[in-house]
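Below is one structure; the comments refer to it alone.
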Amino acid sequence: MAFQFSDSHIADYHTLGYVVFRGILPTSLIGELRKSCEKAREIAHKTRGKQAQRLQPIAKFDVNIQPFRDYAELPELNDAVHRLLTKQHSYCNLGKPGTEDYGVCGVLLEPGETPYCTAWHRDWRDNLPGMPLSDWHANYLNLDFFNQVNCALYEDSCTWVVPGSHLRRDLPCEARRFPTRPIEPPILTGQTPEQCERTCLEYCQSMPGAVRLFLNAGDFALYRNTLWHLGNYIHYRKRATLHDAVDTPSYALWRDHIMKASEERTKAGQMWENPNQLAA
Ligand SMILES: O=C(O)CCC(=O)C(=O)O
Ligand SMILES: [Fe+2]
57 MAFQFSDSHI
67 ADYHTLGYVV
77 FRGILPTSLI
87 GELRKSCEKA
97 REIAHKTRGK
107 QAQRLQPIAK
117 FDVNIQPFRD
127 YAELPELNDA
137 VHRLLTKQHS
147 YCNLGKPGTE
157 DYGVCGVLLE
167 PGETPYCTAW
177 HRDWRDNLPG
187 MPLSDWHANY
197 LNLDFFNQVN
207 CALYEDSCTW
217 VVPGSHLRRD
227 LPCEARRFPT
237 RPIEPPILTG
247 QTPEQCERTC
257 LEYCQSMPGA
267 VRLFLNAGDF
277 ALYRNTLWHL
287 GNYIHYRKRA
297 TLHDAVDTPS
307 YALWRDHIMK
317 ASEERTKAGQ
327 MWENPNQLAA
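Numbering follows the numbering used here, in which position 24 of the sequence shown is assigned residue number 80; successive positions increment by one, without gaps.
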């Protein structure tokens, strides 16, 4: 059945912190994007090794970008994004040809050799060394910021989330689970691929309230990257999932400002603040 936008998409996004526009990509476009992403996988393996898990921004590399332009212009998807957020919000920015601006859109890939799992995190707060947390806390509810896309070209069950966590600071059980910074990822050294798979799964399940997001080919998931989430990857499960921001001019400016601020703080040795141990 053709995708139809409804108010429940708006309700889900705001209450859960994520929404899925099911089957919104036409099958012909899925096919074209898959072809471009085959090339992206080759480039990622050549330049970053077999375990590479992404190529981003895609416009920087020698892949056929036309399917991405078609995706960026898809009327149903633009309409759904604008109705969910505002007309100022746009996805799949591919940058400006002839400049160093390549936009944000990339592709997430399966690792080539063995499972891997990121640490549980809330983006920027927990994965950017030097991030001034007062700035994150001042902005984490701002709907112009932190809107992120995973658009699956193959079935994808890599992303785990804690629904509703985008609306609040950490619960006591979450702070107890991850008392220190940087947050500990699962420890995989010396493990066989089968052991890695089990360790990663148990790590995902160890977070109170965690659920796995299931996407089918052509599903567009939009999520608040301020919610607790992670990516858990299995080498035998093919993945090509477009990864992108639903961007606004103010979010782009904020990112520039934060990247500079965090670099300076890192140089000054101020690597990690702990959000659950901040001075009052
Ligand atoms: O692979 C995923 O779905 C999640 C990736 C992620 O959390 C990130 O890029 O910060
Ligand atoms: Fe993330």
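We treat Cβ as the ideally placed atom computed from N, Cα and C, and that holds for glycine.
Using a Cβ-Cβ cut-off of 7 Å (strictly less than) and excluding sequence neighbours within five positions of residue i, which residues of its own chain qualify?
i	result
R321	G186 and P188
C148	F124, Y127, A128, C161 and D300
A317	P188
D226	P331 and N332
Within 10 Å of its beta-carbon, does residue i have 16 or more other beta-carbons around it, so buried, or fewer, so exposed?
i	result
R232	exposed
Q60	exposed
D303	buried
G246	exposed
N288	buried
Q144	exposed
E169	exposed
D182	buried
G274	buried
L184	buried
A136	buried
H193	exposed
If you run the structure through DSSP and keep just helix, strand and coil, what is residue i?
i	result
C93	helix
T170	coil
C207	strand
R178	coil
Y259	helix
D212	strand
V39	With the chain covering only 57 through 336, there is no way to say anything about residue 39.
Y279	strand
K85	Sequence check: residue 85 is Leu here, not Lys. If DSSP states are grouped into helix, strand and coil, L85 belongs with the helices.
R110	strand
D355	Within the shown structure, residues of the chain are numbered from 57 to 336, placing residue 355 beyond reach of any answer.
A296	strand
Alpha carbon to alpha carbon, how far is residue i from residue j?
i	j	result
K116	P228	42 Å
F77	E88	20 Å
K95	G105	14 Å
L271	Y279	13 Å
S146	D68	19 Å
Q204	Q326	27 Å
H101	E166	11 Å
Y259	Q251	12 Å
R268	P131	29 Å
Could you name the residues of the same chain whose beta carbon sits closer than 6 Å to that of residue i, not counting the 5 residues immediately before and after it, in chain order?
i	result
S92	V119, N120 and P123
Y158	P113, A115, K116 and G151
T297	L164, N206, A208 and D212
F276	F77, I80 and C207
Y196	T282
L133	I80
To which residues of the same chain is residue i closer than 8 Å at the C-beta, ignoring the five residues directly before and after it?
i	result
L283	G73, Y74, R178, V217, V218, P219, G220, S221 and H222
E319	G186
Problem - Any heavy atom of ligand 2 within less than 6 Å of residue CB: hits in chain order - result: H177, D179, N281 and H285
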